[in-house]
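In what follows, a structure is listed as structure tokens, so that the remarks can point back to it.
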Amino acid sequence: QITANLNASDVFTTLYQGIEGLLDAPSLSIYRLGANGDRLVRVFGRDEGHVLPDLTIDLDSPSSIAARVARERIEVLEELAPGTQQDSLVYGLRPMSTLLFAPLVVGERLIGVMTIQSNREHAYGERERSIFRALCAYGAIALDNAAAYAQAGRDRDRADLALASLRETQERLVLSEK
1 QITANLNASD VFTTLYQGIE GLLDAPSLSI YRLGANGDRL VRVFGRDEGH
51 VLPDLTIDLD SPSSIAARVA RERIEVLEEL APGTQQDSLV YGLRPMSTLL
101 FAPLVVGERL IGVMTIQSNR EHAYGERERS IFRALCAYGA IALDNAAAYA
151 QAGRDRDRAD LALASLRETQ ERLVLSEK
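If you want it as structure tokens, here you go:
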């Protein structure tokens with residue numbers, strides 16, 4: 001289902017539903033690598049169904065787990081002690097205890113980072129981490145496909161405009177020759 005979508009919004013929704021059905025993850029955030037490759041931009045975020053605000057993280061941030069995951073392209077599982085403050089928390093309705101981050105990679109190319117977070121301690125064992133990795137892999141491919149499809153649509157629209165302009169110019173030339 002995830003890779004069948006060619007619309008990024010549909011990919012986000014499908015990932016969210018998949019994660020919601022398979023894992024204890026009341027909070028999910030998906031970050032895309034910014035156009036300049038120097039920051040992560042949250043393109044999707046939900047906490048218990050509530051939309052999370054826009055967020056941008058500089059890749060050189062020393063305190064952001066998401067930035068570290070992007071830089072090093074590694075999975076990170078973080079267990080927080082009660083009351084711990086952490087820049088990488090998805091701030092929502094309640095404090096989180098378990099944070100799981102993974103890079104979204106297609107081939108050697110970084111697409112972004114995904115994180116799920118739970119208010120339960122030790123929420124993500126090896127089974128959950130394996131499911132999350134699989135969802136990240138499929139999600140990265142689907143998001144890359146959606147971006148390519150959107151770019152192809154923009155290219156087609158530009159070509160259609162250029163062709164219409166060319167036809168209009170041809171018509172004017174034909175009329176001016178008469």
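Note that my numbering has the sequence shown beginning at 1, numbered continuously upward. Ideal Cβ positions, reconstructed from N, Cα and C, are used throughout, including at glycine.
In the three-state DSSP reduction, serine 118 falls in the strand class (E or B).
In this structure, leucine 59 places its C-beta atom within 7 angstroms of the C-beta atom of arginine 71.
Judged by DSSP secondary structure, leucine 15 falls within the alpha helix (DSSP H) whose first and last residues are 8–22.
Around the Cβ of arginine 46, a 10 Å sphere holds 16 or more other Cβ atoms; the residue is buried. Contact between leucine 110 and cysteine 136 is absent: CB atoms are separated by about 12 angstroms, not below the 8 angstroms threshold. Taking a cut-off of 8 angstroms for Cβ pairs, the stretch 18–29 and the stretch 124–141 touch, as three or more such pairs fall below it. Each residue's CA atom was taken as its position, placing leucine 99 and glutamate 168 some 58 angstroms apart. Here alanine 102 carries a strand assignment [DSSP, helix/strand/coil]. Secondary-structure assignment with DSSP links leucine 59 through no beta bridge to anything.
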